[in-house]
Every structure is written in C-alpha cells, then in structure tokens.
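Residue numbers (the working numbering): 7 to 475.
Note that CB positions come from ideal geometry on N, CA and C, so glycine has one too.
What follows is one structure encoded as structure tokens, with my remarks underneath.
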Amino acid sequence: MSQMHVLVIDDDPAVREILYETLVQEGYSVSIAADGAAGIQAAKNTPVQIVVTDLQLPDIDGLAVIDRLAGIDAKIIPIMMTGFGTIETAVRAMKSGAFDFVTKPFDPETVVVIVRKAVEFYRLRQENHLLRKTVRDQYQLEQLVGVSEPIRQVLDFVRKVADSDSTVMIQGESGTGKELVARMLHFNSLRRDRPLVPVNCGAIPETLLESELFGHEKGAFTGATHTRMGRFEMANGGTIFLDEIGEMSLPLQVKLLRVLQERAFERVGGNRTIQVDVRIVAATNQDLEALVEEKRFRQDLFYRLHVIPIVIPPLRERRSDIPLLIDHFLARFNQTKHTAITGIEPDAMRLLTSYDWPGNIRELENMVERLVVLKKQGVLSLGDLPEKIYRQSAAPEIKEQFIRFSEDGINLSREVEQYEKHLIVEALRKANGVTTKAAQLLQLNRTTLVEKLKRKGVDPRIHSQSLPN
Numbered sequence: 007m008s009q010m011h012v013l014v015i016d017d018d019p020a021v022r023e024i025l026y027e028t029l030v031q032e033g034y035s036v037s038i039a040a041d042g043a044a045g046i047q048a049a050k051n052t053p054v055q056i057v058v059t060d061l062q063l064p065d066i067d068g069l070a071v072i073d074r075l076a077g078i079d080a081k082i083i084p085i086m087m088t089g090f091g092t093i094e095t096a097v098r099a100m101k102s103g104a105f106d107f108v109t110k111p112f113d114p115e116t117v118v119v120i121v122r123k124a125v126e127f128y129r130l131r132q133e134n135h136l137l138r139k140t141v142r143d144q145y146q147l148e149q150l151v152g153v154s155e156p157i158r159q160v161l162d163f164v165r166k167v168a169d170s171d172s173t174v175m176i177q178g179e180s181g182t183g184k185e186l187v188a189r190m191l192h193f194n195s196l197r198r199d200r201p202l203v204p205v206n207c208g209a210i211p212e213t214l215l216e217s218e219l220f221g222h223e224k225g226a227f228t229g230a231t232h233t234r235m236g237r238f239e240m241a242n243g244g245t246i247f248l249d250e251i252g253e254m255s256l257p258l259q260v261k262l263l264r265v266l267q268e269r270a271f272e273r274v275g276g277n278r279t280i281q282v283d284v285r286i287v288a289a290t291n292q293d294l295e296a297l298v299e300e301k302r303f304r305q306d307l308f309y310r311l312h313v314i315p316i317v318i319p320p321l322r323e324r325r326s327d328i329p330l331l332i333d334h335f336l337a338r339f340n341q342t343k344h345t346a347i348t349g350i351e352p353d354a355m356r357l358l359t360s361y362d363w364p365g366n367i368r369e370l371e372n373m374v375e376r377l378v379v380l381k382k383q384g385v386l387s388l389g390d391l392p393e394k395i396y397r398q399s400a401a402p403e404i405k406e407q408f409i410r411f412s413e414d415g416i417n418l419s420r421e422v423e424q425y426e427k428h429l430i431v432e433a434l435r436k437a438n439g440v441t442t443k444a445a446q447l448l449q450l451n452r453t454t455l456v457e458k459l460k461r462k463g464v465d466p467r468i469h470s471q472s473l474p475n
C-alpha cells in the first residue's frame, strides 16, 4: 500500500484545518469530518487506515466512534484527542483500542510523530498477517506430496490429530520429512497463530541444552550475564518441536518428564516455578524402544512422548511418489532459480524411481536442485543424472528393457538409441568428461562422438567432476 489514508474527526474547524494541511504535507491522503456520524460514514465510503478523532464530539463520543469503526474494519488504527486530558480518560481510550492519546492543545508535530508510528505499526501488522497466511498455506495438508498408500495413511493421521493437544512422537529415517509433518501439525491446529519453536536436541552441546530449553537466571553459570528465556517459554501458547529427542542425556530427560507431567519448570539457577501452556511434538530417527532396553532412554519418558506415534515411511517404500516429488521440486526450483527445465525423459525417470534414496526426500530435493542449476533449460535425461544413481541402478534397468517385451512388442530403434546413449554416458563418466578419451573408449573418432552428443542432448561438462570409477 503506497499511500495511507488518514481520517480526522473533530468539531473544531481550526483543528481539522491544521491537521489536514499538516498530514497532507507528510504525504498522506486525508479526509475530514465534523462529527462522529460523518466520520463513520466517511470510513464506510472510503477505505481508511488511520483515524484521529476527538473524544468529545457533538453527537457521539470518540470511544463509541472507535467501537463503530472497528465494526467497519478491524484493521483501522484509532488515535484519540481530547481537551480534557486526565489519566482516567487516557486509560479509557487505550482500553477501547486507541493506539495513542493526544492532549489539546497540541503541537502538530506531535500528532505527525504519532501518526507515523501508527502507520509503521499498521504496515508491520499487515506484513505479519501476510507472512502468517503464507506460512499457513505452505504447510497445508495438501502440501504433503504423494499418492502412495503409506503417505496417505500419514496424511489421514495428521488430519485427525492436528487439533488435539496430545503429545506426538514422529519417527522416521533422516530426510523423510519429520519436521515438515511437525509444522503441518502446528499450522493445522488451534495453536496456528501462536509460536512454533523448533529445537534440534542433537545439534546443541549437552552442557548448553538445558539452558536452551529452560532458560537461565543471571549469574547461574560463568558467562550468564543476564536472565535468558528458554525455548519452552518462547513456545508458550504454541508448540515446541523437539527434534532428535533420542540424543537427550538422561539427567535432562528427568526435567523434560516433569514438563510433560506438570507443564512447569525452573530456569537454570532459579527457584521460581514457571508454568507454560505448550504442545510437545518430538521426533527421532532412532529406535527409542531399543534405547529404553539399553537404559539410554527413560521408559517413563518414552511412554509420555509416545501418546500419538506417527511413522514416516522412507522414500524407497513409496516409489510411486517419486515422479510427483520430482515434478514438485522442478516447479519450485524453476521459479526460485529462474530456470526452464520442462521435464524429464522416461528412461531417466525410471532410473530415479528404481534408486533406493538412502537420504530420502532431502537427497532427492538436493539432487533436483543440482540438476536444475547445471542444466538450466530443456529436458533432463539419463546423461544428466549423478554417477552414484547411475552406478546403483542404470545397468540392471537397461538390461530389463531389452528382455521385457510387451504384447505389442518394442520400438527397436528407440531402444537401441537409448542404449547407445547409455554407453556414451558411461564412457564420458570413465573419461571424466573428456570427449577425446571417451571417443577412444568407444572406438569412435572425436568428431563422430561430438555429433552424437549434440543429437542426444548430452553435455560432457556435467561429467567433468564425476567420481572416478
């Protein structure tokens, strides 16, 4: 919004005139009204962001005007003026929703400063609203990409438990999307407008984790120069996400158990009990039941955390989702990297679908980003894929193509073309992208190989940094 609209309501023509001229000079669009009814009608006719109104008006008082304006547009920011400035009047105005209070007679510059602050507050509030909406849209349940049965079960489970305040334990291998599910739980719950505070228990040194979670008082330890709020206090009213909970030490597990039981704790070095209203979502890539048997994780804490378990399947158990995920990442990176990758060849897609993805979705996402950055435009092909994916599954996949006939037979020319491309790519990998060496391996002259590379859309530079075989 480039120009803010200010409405001035006052029965004194001199006040209206001076505020009109002053605010117009400041670059605002300004409307004026001589009483409450006219001001309310003006706000109905034209969108208004800031209202400067007198408390004592001929028809209705300024407090009633503020209340009526809130009914027209709750985003309007009211500023109250009065010639009867008392603490009681100011308190009444602020309780009615006034942003600030001006006592008459006033210096016009004072009003200008207050209006500037109100405008800044209005814009910040709008930005925060848009940001919250963007974040909520980003973590709608529909954003969990996939149609496979395992991921549909996860989606149905998240949908059922999102509105609950019960503790959730998310289990899954690294890279499966545990944090995404945690964020979906929060942003689809009744706590969506309150904080979501993530803590990676495995990334913070054990000596610092207690202070990070529960805060500390000034002087609690060397270097504690001031009182510090912990993550649980920051998450009050919202959700705390404890990632890699299996890495937490046994002494700290005891304190966490108390929070789960009582929603209360003391800061490090303090004796004042702090109560919090917080939902706890935990995640791990470990077998917590095995850790319990090994006495590395408290059994009572395990049961407190394991109220609602959600298991995220690895990508190799939901292969039918891989093409959808690739399309999803291609669309995103095309937009953010300003590239024009238009698709992926069927043989390359088959190869990617057959790969086991030990790093799961994170590995797939990183690979697609790399391909987009290197290729920039056109269609992704076998020759663009990373060597480790090729080494694991390319040869078996190509062989299967030549022994598996459909009822209608196969297109011999196309299959031979694909196999030739496969051999050329393999030669380039062995030659580390050097076309002269690759031509020797294929027993071709370099000119012939370069022509084939152009015809098949293979860029030898992509293989110049391949790992040696």
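Under 8 Å, do residue i and residue j count as touching if we go by C-beta distance?
i	j	result
Asp17	Ala43	no
Val57	Val117	no
Val203	Ala241	yes
Ile347	Gln383	yes
Leu13	Met175	no
Phe112	Ile85	no
Leu29	Val125	no
Leu258	Leu215	yes
Gly330	Val164	Per the sequence shown, residue 330 should be read as Leu rather than Gly. No.
Val339	Val385	Reading off the sequence, residue 339 comes out as Phe, not Val. Not in contact: Phe339 and Val385 (Cβ atoms no closer than 8 Å).
Asp327	Val119	no
Ser172	Val284	no
Leu75	Asp67	no
Ile157	Arg324	yes
Ile246	Ile286	yes
Glu35	Ile72	The displayed chain sequence assigns Ser, not Glu, to residue 35. The answer is no: Cβ separation not under 8 Å.
Lys123	Ile78	no
Ile430	Lys458	yes
Excluding sequence positions up to five away, which residues of its chain have a Cβ less than 7 Å from the Cβ of residue i?
i	result
Leu219	Val205, Gly236, Arg237 and Phe238
Gln407	In this prediction, Gln407 has a pLDDT of 46, which is less than 50 and means its spatial position is unreliable; what the coordinates show is noted afterwards. If we look at Gln407 and ignore the five residues flanking it on each side, its Cβ neighbours are Glu421.
Arg131	none
Gly181	Gly365, Asn366, Ile367, Arg368 and Glu369
Gly183	Ile318 and Ile367
Gly208	Glu250 and Glu253
His334	Val151
If you draw a straight line from the alpha carbon of residue i to that of residue j, how long is it in whole angstroms?
i	j	result
Pro319	Gly178	6 Å
Ala401	Lys427	Low confidence applies to Ala401: its pLDDT is 47, below 50, so where it sits in the model is not reliable enough to give any reading.
Leu447	Ala433	6 Å
Ala99	Glu32	26 Å
Tyr309	Ile367	29 Å
Phe303	Leu69	59 Å
Arg322	Thr228	48 Å
Val456	Leu380	19 Å
Glu253	Lys261	15 Å
Tyr26	Pro64	20 Å
Ser195	Ala168	5 Å
Met355	Glu295	38 Å
Thr442	Asn372	31 Å
Pro211	Ala80	46 Å
Leu473	Tyr425	In this prediction, Leu473 scores a pLDDT of 40, lower than 50, which makes its location untrustworthy; the coordinate-derived value is nonetheless stated afterwards. Taking the straight line joining both Cα atoms gives about 22 Å.
Ala230	Glu300	35 Å
Leu256	Asp199	33 Å
If you drop the 5 nearest sequence neighbours on each side, which residues of the same chain put their C-beta closer than 6 Å to that of residue i?
i	result
Asn475	Low confidence applies here, because Asn475 scores a pLDDT of 37, under 50, leaving its location unreliable; read the following figure in that light. So the qualifying residues of the chain are Lys436.
Ala288	Met175, Leu248, Ile251 and Leu311
Gln234	Reading the sequence as shown, one finds Arg at residue 234 and not Gln. These residues qualify, in order along the chain: Gly221 and His222.
Val464	Gly389
Ile409	Reliability fails at Ile409, whose pLDDT of 45 lies under 50, so the model's placement of it is uncertain and no value is given.
Val282	Phe238, Asn242 and Arg269
Gln9	Ser35
So if DSSP puts residue i in a beta bridge, which residue, or which two residues, is it bridged to?
i	result
Glu272	Thr279
Val205	Leu248
Pro84	Val57
Thr109	Thr88
Ile286	Ile246
Leu219	None; Leu219 has no bridge partner.
Gly349	Val385
Arg234	His222
Taking 8 Å as the limit between beta carbons, can you name the residues of its chain near residue i, skipping five residues before and five after?
i	result
Ser37	His11, Val12, Leu13, Val14, Ala48, Thr52 and Val54
Glu272	Phe220, Arg278, Thr279 and Ile280
Val298	Arg304, Gln305 and Phe308
Ala226	Ser217, Arg273, Val274, Gly275 and Gly276
Lys405	Note that Lys405 scores 46 on pLDDT, short of 50, meaning its location in the model is unreliable; the coordinates nonetheless yield the value given after this. Same-chain partners within the cutoff: there are none.
Phe127	Ile83 and Phe105
Glu6	The question about residue 6 has no answer here: the residues shown for the chain are numbered 7 through 475.
What runs of the alpha helix (DSSP H), each 4 residues or longer, lie entirely inside the stretch 298-332? 305-311
What are the uninterrupted segments assigned as beta strand (DSSP E) that are 3 or more residues long and contained completely in the stretch 7-58, given in chain order? 11-15 and 35-39
Quick check for students: name the residue ranges of the alpha helix (DSSP H) that lie wholly in the stretch 161-198, counting only runs of 4 or more. 184-193
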